[in-house]
Each structure stands twice: as C-alpha cells, then as structure tokens.
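S.K.: Before anything else, here's the structure in question.
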DNA sequence: CGGCAGATACGCT
DNA sequence: GCGTATCTGCCGT
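Residue numbers (our numbering): 228 to 416.
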C-alpha cells in the first residue's frame with residue numbers, strides 16, 4: 228500500500244502530493260498519527276532554500292536520496308522537519324508546516340507542554356515538538372519505523388490552496404506553499 | 001485578536 | 001558579527 232516513489236519528483240510536484248498523507252510516529256509504546264495539512268517546497272534553484280548555496284555539512288541530507296528526513300535547528304531553540312525529494316544529487320525537500328492530530332493527541336499535547344487545540348501542531352516547530360523530532364532524526368528514512376510516512380489518495384485540486392511561503396526574506400514571490408482549504412490547523416491564512 | 005519584542009544558538013560571511 | 005524556513009508573552013484595540 229505504501230509506495231513512496233512519488234517522492235522522487237520535484238519539490239514543487241511532491242509538496243501538494245504530501246497534503247493528506249499521514250505521519251505515524253511510535254513513541255513510548257504509543258502511536259502518534261498526524262495528517263499533513265500544510266507544506267512548503269524548497270529547491271536548490273531557489274534563493275530561499277538552505278540548499279541554494281550548495282552542499283554543506285548541514286545541508287548534505289537535502290542532496291541525498293528522497294524519502295529521508297532533513298531536520299534543522301533554528302532561532303536557537305526550534306527544530307523543523309522536511310522530507311527530502313527529487314533525484315539524488317539534487318538539493319530539494321518539502322517542509323512540514325502543520326499537521327492535524329488523528330491519534331495520540333494526548334501525548335502530543337503533553338509534548339507541547341500542555342498546549343491544546345490547534346496550538347498543538349499549527350506550525351513547523353510545533354509539529355516537531357508534538358512528535359518529539361530533533362536533529363537526531365536527521366537522515367531517518369520515512370519508510371521505516373518508528374517514523375513512517377503513509378501515502379493517502381491525492382486530494383482534489385479544489386481542496387488545495389497554493390500561495391507564497393512564510394517567514395523567508397528571499398524569493399518571497401515564489402508560490403510554493405500548499406495547504407488544505409479550510410483546515411483549522413493551517414498556521415496562517 | 002493583531003502587532004511587536006525577546007529568546008537563544010548555530011551556520012555562514 | 002549577523003541573520004535565521006519560529007514561537008511565546010505582553011501589550012494595545
């Protein structure tokens with residue numbers, strides 16, 4: 228059921244395809260499941276991407292095979308997770324900006340220090356905190372436990388909003404942010 | 001609820 | 001040194 232070949236495509240193609248897919252995280256004997264509702268594409272040809280200036284120790288994962296996790300640390304305190312896509316040797320990935328909890332929400336609330344409702348996972352660093360993902364997960368293959376990506380059928384085009392990305396200062400007009408229309412967990416409209 | 005400042009450490013110039 | 005693919009608390013409507 229779960230063939231992740233679609234991750235071989237470009238970031239721009241893969242990003243909307245990830246909407247609706249599931250992240251299944253095994254943590255302390257529990258299953259935490261989140262439905263991906265907001266993503267952003269980043270590519271080496273794009274000035275906003277960490278891979279834009281070529282391969283470095285930090286970004287090498289982005290240039291590796293599709294299906295691995297690129298986790299980075301920023302603002303001195305936050306982690307964000309991406310799913311690497313595109314052919315090996317090409318630096319591209321899709322940032323997971325928001326998920327909707329489907330299972331194990333109580334554990335996610337706990338991981339988020341008691342914050343509940345949409346505050347559990349309506350932002351990229353919140354997603355990592357809810358699922359207990361840090362840089363130790365850099366390079367993890369999302370085809371494997373204890374963190375799996377499970378593909379779902381593609382959403383209707385009318386369910387997907389495409390617009391410009393958030394929180395960047397370069398390539399601000401590139402419309403590579405995708406989210407599910409009317410989903411309450413989307414970080415910002 | 002919207003805007004703003006502060007937190008805080010790492011990669012890169 | 002400086003900027004950062006962010007979040008939170010605090011202030012004002």
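We treat Cβ as the ideally placed atom computed from N, Cα and C, and that holds for glycine. The model shown is predicted, which means the values in this text are computed figures rather than measured ones.
Taking the alpha carbon of residue 361 as the reference point, which residue from 267, 301 and 334 has its own alpha carbon closest?
M.R.: Nearest option by C-alpha distance: 301.
S.K.: Ignore the nearest five residues each way along the sequence and tell me which others in residue 277's own chain have a CB closer than 6 Å to its CB.
M.R.: Excluding residues within five positions, the ones whose Cβ falls inside 6 Å are 286.
S.K.: In the structure shown, what three-state DSSP assignment does residue 404 receive?
M.R.: Strand.
S.K.: Note down, in chain order, each residue of its chain lying with its Cβ closer than 6 Å to the Cβ of residue 228, except the 5 sequence neighbours on either side.
M.R.: Per-residue confidence for residue 228 stands at a pLDDT of 49, beneath the threshold of 50, marking its modelled position as unreliable; no derived number is given.
S.K.: Does DSSP classify residue 228 as helix, strand or coil?
M.R.: With a pLDDT of 49 at residue 228, under the threshold of 50, the modelled position of that residue is not reliable, and the figure given next carries that caveat. Residue 228: coil per DSSP, three-state reduction.
S.K.: Since residue 261 and residue 314 should fall inside the 8 Å C-beta cutoff, what is the C-beta to C-beta distance between them, to a whole number of angstroms?
M.R.: That pair is no contact at about 28 Å.
S.K.: Please name the residue, chosen from 252, 251, 230 and 256, that lies closest to residue 244 on a Cα-to-Cα basis.
M.R.: For residue 244, the nearest C-alpha among the options comes from 230.
S.K.: Tell me whether residue 344 sits in a helix, a strand or coil according to DSSP, three-state version.
M.R.: It is helical.
S.K.: Given a cut-off of 8 Å on the beta-carbon distance, is the pair residue 393 and residue 404 in contact?
M.R.: Contact flag set, yes.
S.K.: Excluding the 5 residues flanking residue 349 on each side, which residues of the same chain have their C-beta closer than 6 Å to its C-beta?
M.R.: Counting only Cβ-Cβ distances below 6 Å, and skipping sequence neighbours, we find 325, 412 and 414.
S.K.: In the DSSP assignment, the beta strand (DSSP E) including residue 305 goes from what residue to what residue?
M.R.: It spans 305-311 - the beta strand (DSSP E) in which residue 305 sits, taken as one unbroken run.
S.K.: Between which residues of its own chain and residue 274 is the CB-CB distance below 8 Å, once the five residues before and five after are set aside?
M.R.: These residues qualify, in order along the chain: 397 and 398.
S.K.: Tell me which residues share the same chain as residue 421 and place their Cβ nearer than 8 Å to its Cβ, disregarding the 5 neighbours each side in the sequence.
M.R.: The question about residue 421 has no answer, for the chain in this structure spans 228 to 416.
S.K.: Please identify the residue among 268, 248, 337 and 374 whose C-alpha is closest to the C-alpha of residue 401.
M.R.: Closest by alpha carbon: 268.
S.K.: Express the C-alpha separation of residue 385 and residue 406 in angstroms, rounding to a whole number.
M.R.: Looking at the two C-alpha atoms, the distance is approximately 11 Å.
S.K.: To the nearest whole angstrom, what separates the beta carbons of residue 351 and residue 322, a pair I think is in contact under 8 Å?
M.R.: Right, the Cβ-Cβ distance comes to about 6 Å (below 8 Å), so this counts as a contact.
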